[in-house]
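Step one of this worksheet: look at the structure below.
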Amino acid sequence: MTVAASSNPISSETRLAEYARNKAQRKRRETVIESVLLLAACVSVFTTLGIVYILIRESLVFFAAVPLWDFLTDTQWTPLFSDAHFGILVLMSGTLTSSMVALLIAIPLGTIIAIYLSEFAGHKTREILKPTLELLSGVPTIIYGYFALLFVTPLIQRIYPELPGFNVLSAGLVMGIMIIPYVSSLSEDAMRAVPMSLREGSYAMGATRYHTAVKVVFPAALSGIASAYILGISRAIGETMILAVAAGMQPNLTLNPMEPAATITSFIVQVALGDLPHGSVGYQTIFAAGLTLMLITLCFNLLGHWLRKRFREAY
Amino acid sequence: MDGSTKSPAGRGTAARDMRALRVLIRAHKRWDMLFSLLGLLALSIAILTLVALFVDMAVAGIPRLNPDFFTSFASRRAGQAGILSAWVGSILVMIVTACVAVPVGIAGAVYLEEYARKNWFTDLIEINITNLAGVPSIVYGLLALGLFVYTFGLGQSILTAGLTLALLILPIVITTTREALRAIPQHVREGAYACGASKFQVVGDHLLPYGLPGILTGVIIGLSRAIGETAPIITIGALTFIAFLPPVPFTGEPAAGAFEWLFSPFTVMPIQIFNWTSRPDPAFHQNAAAASFVLVFMTLGMNALAIWLRYRLRKNIKW
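Protein sequences, first through last, are from chains W and R. Take 19 as the starting number for the first sequence in the working numbering and just add one per residue. Take 30 as the starting number for the second sequence in the working numbering and just add one per residue.
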């Protein structure tokens, strides 16, 4: 063997040099590939930075013309009138009303469905019903808007004829049904993650499935369920098209769902559909509104994070 | 034996306790059954609404579905209005979205799964992705408006729409690709490394082919989400009344360039539906129902395709 290795000493040297060159080349190629992949992964960071930068930069144009105090406390939102008022409270009341109606439906129904699917339903039932519920969240929201305006509103008007054609109630109801899968899916996953031993202990004490679900499983899964609720809230606050179509785009400082109202999101759509030139104060209001929306969403994300940490149970 | 040590009064209490216990158990069982019924009721509310939505859309819309609905442009007359510019616009925007989101998403997921070290920077990227999944879609529209339309000067075009939607579905693509890569057993990687493969060779020759079903599923689910998004596209300024198609490359007088269609004004299906729903004329509502039917068909069709593909391609893999 040693004879063969030393039979051509020059060739083995060049062979080693070739190996070394190949290795260096391969290492260089790998480093380039890794940097390209890193760049792709950083696109998400760039997106967040981009959102923050654009919202702040464009809002500054707005806040140069409108004092922050007026923005936060004025009770009228009339950016297109000659005597313009910019009170974000008006839009926030719309968002609040619609979200409340939606969550009053989504949270109870979603939780009950989640408890039923995880504790009561058999395996086959769950396998059929879970994808069906996911369908609810897969339908484009503009179709929900169409449904709210042209089916739900006439339906409610048959019971309550004074309901205006555009109102927050039907939009909120449809939005609530749309959010149910978000709440129920995550809650159910959280409940299924609770170890079987806790349930078995409870059953051994003679508790029924209902008692086990409500007194043992639900508190144990609380952090996951709280995340599900926060996700539902964020989804309700950020929803645009259902409200743009069915709730009317009339800014209205009210908490009564039976009236039309504009939310932060539907206002942005309204301005984007119009003819205001870029750079005018009326136009820059959408960025100020978007900034408010982002801050509210961020608060809820932080709240969700804190709740998860606070209630986390390690099994 | 037992009973002889108990006084007559003691035996009575035991029987009373047993009766009280039985009543309690019966009450609990009743609550259990009532809650079960309540659960079924809640489920049926959700599913009935879905069914009502479909039936309403089908009943109003199907009579309107005929070939010239698909080949006519929008018109002021409801009977002649069609969705040609809308579905062509949707498909073109989806092509741009897929061309941007798929490479960037897969590359990012591969980095995070295979290359990233466990440090604060990786945590930052992961937190960002989770965060972005929860941002309302209209904020992406505002980002695109400020950045793509005005700062980069790409205008209110198909390119901007595609880029916006690509950013929107990027978290979905990255998350599902990571799950697909994570599901591949470690011995595949180890075997490849043992043969002297470099990291990228392992990824490109072994992991991506095995992960393809999961990745494709994620991409299709992302695209089916993107096709129904209205708010960001309205915000960047897609027009609602378009009576022309983007220029086909190399045709027309003067001949359109290969990429001129990217910069053309456009409309998409959800915006056409929005426009028709907002009109007071009930004939346009029928058009909106028909277009909604087509859109739901496209969305659910893509979801079904994703599920079928995942099943089909997964069958051939034997770990």
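Cβ coordinates follow ideal geometry from the N, Cα and C atoms, glycine included.
| Could you give the uninterrupted runs of the alpha helix (DSSP H) lying entirely in the region 105 to 170 of chain W, keeping only those of 4 residues or more? | The qualifying runs are 106 to 133, 141 to 156 and 159 to 165.
| said: I want to see whether chain W comes within less than 8 Å of W116 of chain R, judged by CB atoms only; does it? | reply: When Cβ-Cβ separations below 8 Å define contact, W116 of chain R makes no contact with chain W.
| Going along the chain, which residues of its own chain have a beta-carbon closer than 7 Å to the beta-carbon of S321 of chain R, five neighbours each way excluded? | In chain order, M86, G90 and I302 place their CB closer than 7 Å to the CB of S321 of chain R, counting only its own chain and leaving out the 5 sequence neighbours on each side.
| field | D88 of chain W, enclosing alpha helix (DSSP H) - first and last residue | value | Per DSSP, the unbroken alpha helix (DSSP H) holding D88 of chain W starts and ends at L86 to T91.
| What's the gap between the Cα of H323 of chain W and the Cα of A333 of chain R? | The straight-line gap from Cα to Cα measures roughly 34 Å.
| said: Which of the three DSSP states is assigned to T296 of chain R in this structure? | reply: DSSP places T296 of chain R in coil when its eight states are reduced to three.
| query | Which chain R residues are close to R61 of chain W, counting only those with a beta carbon under 7 Å from its beta carbon? | reply | Strictly speaking, residue 61 of chain W in this sequence is Val, with Arg absent from that position. Per Cβ cutoff of 7 Å: V133, G137 and L199.
| Which of the three DSSP states, helix, strand or coil, is assigned to E331 of chain W? | It is coil, neither helix nor strand.
| said: Please confirm whether E218 of chain W has its beta-carbon closer than 8 Å to some beta-carbon of chain R. | reply: With 8 Å as the cut-off, E218 of chain W does not count as an interface residue toward chain R.
| said: I'd like the list of long-range same chain contacts for F98 of chain R, defined as Cβ closer than 7 Å, with 5 residues on each side in sequence excluded. | reply: The residues are G111, I112 and A319.
| Which residues does DSSP pair with W116 of chain R in a beta bridge? | None, per the DSSP bridge assignment.
| request: Please confirm whether G257 of chain R and P299 of chain R have their CB atoms less than 8 Å apart. | output: When the beta-carbon positions are compared, G257 of chain R and P299 of chain R come within less than 8 Å of each other.
| query | Closest Cβ-Cβ distance between I69 of chain W and chain R: below 8 Å? | reply | Closer than 8 Å to some Cβ of chain R, the Cβ of I69 of chain W qualifies, so yes.
| message | Using 8 Å as the threshold, is the C-beta distance between A71 of chain R and I130 of chain W below it? | response | Using a Cβ distance threshold of 8 Å, A71 of chain R and I130 of chain W count as a contacting pair.
| What residues from chain R crowd round N319 of chain W, counting only those whose CB sits closer than 7 Å? | Close to N319 of chain W, with beta-carbon spacing below 7 Å, are these residues of chain R in chain order: N160 and G163.
| request: Leaving aside the five residues before and after L90 of chain W along the sequence, list all residues of the same chain whose C-beta is less than 7 Å from its C-beta, in chain order. | output: Excluding residues within five positions, the ones whose Cβ falls inside 7 Å are I106.
| Within chain R, partners of E206 of chain W - CB distance below 8 Å | Those do not exist, as E206 of chain W stays about 12 Å from chain R at its closest Cβ, beyond 8 Å.
| message | Between the alpha carbons of V287 of chain W and R47 of chain W, how many angstroms are there, rounded? | response | Straight-line Cα distance between these residues: approximately 47 Å.
| request: Compare the C-beta of I133 of chain W with all C-beta atoms of chain C and state if any pair is closer than 8 Å. | output: Here chain C cannot be found, since the structure's protein chains are W and R.
| said: Our contact map puts I187 of chain R next to R254 of chain R with C-beta atoms below 8 Å; I'd like the distance itself, whole angstroms only. | reply: About 18 Å separates the Cβ atoms of I187 of chain R and R254 of chain R, ruling out a contact at the 8 Å cut-off.
| Spatial distance of L202 of chain W from G128 of chain W (CA atoms) | Per the sequence shown, the amino acid found at residue 202 of chain W is Ser instead of Leu. Rounded to whole angstroms, S202 of chain W to G128 of chain W spans 4 Å at the Cα level.
| Is there contact here, the region 219 to 229 of chain W with the region 142 to 154 of chain W, by at least three beta-carbon pairs under 8 Å? | At 8 Å Cβ cutoff, the stretches do not touch.
| Beta-carbon of M30 of chain R versus every beta-carbon of chain W: anything under 8 Å? | In this prediction, M30 of chain R scores a pLDDT of 47, lower than 50, which makes its location untrustworthy; no coordinate-derived value is stated.
| said: I'd like to know if Y239 of chain R contacts chain W, where contact means its C-beta is closer than 8 Å to some C-beta of that chain. | reply: By this cut-off, Y239 of chain R is not an interface position.
| query | Does the beta-carbon of G220 of chain R have 16 or more other beta-carbons within 10 angstroms, so that it is buried, or is it exposed? | reply | Exposed, because fewer than 16 other Cβ atoms sit within 10 Å of the Cβ of G220 of chain R.
| Pick from R:V88, R:L67 and R:L79: whose alpha carbon is nearest that of Q315 of chain R? | Nearest option by C-alpha distance: R:V88.
| Rounded C-alpha distance that separates E142 of chain R from R207 of chain R | Using only the alpha carbons, I get a separation of about 6 Å.
| message | With a threshold of 8 Å between beta-carbons, can R33 of chain W be considered close to chain R, or not? | response | Chain R contact via Cβ: absent.
| task | Show which residues of chain W have a CB atom less than 7 Å away from the CB atom of L314 of chain R. | result | Reading off the sequence shown, one finds His at residue 314 of chain R, where the question assumed Leu. Neighbours of H314 of chain R on chain W, chain order: L168.
| said: I'd like to know whether the C-beta atoms of V170 of chain W and V192 of chain W end up nearer to each other than 8 Å. | reply: Yes, Cβ-Cβ distance for V170 of chain W and V192 of chain W is below 8 Å.
| query | Can you tell me whether DSSP reads T6 of chain W as helix, strand or coil? | reply | Nothing can be reported for residue 6 of chain W, as the shown portion of chain W is limited to 19 through 333.
| task | Examine chain W for any beta-carbon lying closer than 8 Å to the beta-carbon of T296 of chain R, and answer yes or no. | result | T296 of chain R does not count as touching chain W.
| query | Among W:Q175, W:P182, W:M196 and W:A225, which has the Cα closest to the Cα of I161 of chain W? | reply | The shortest C-alpha to C-alpha distance from I161 of chain W to any of W:Q175, W:P182, W:M196 and W:A225 is the one to W:M196.
| query | Quick one: does S253 of chain R have its CB under 8 Å from some CB of chain W? | reply | Taking Cβ atoms only, chain W reaches closer than 8 Å to S253 of chain R, which makes this a yes.
| said: Here's the rule: buried if 16 or more other CB atoms are within 10 angstroms of the residue's CB, otherwise exposed. What is V80 of chain R? | reply: Exposed, since its Cβ has fewer than 16 Cβ neighbours within 10 Å.
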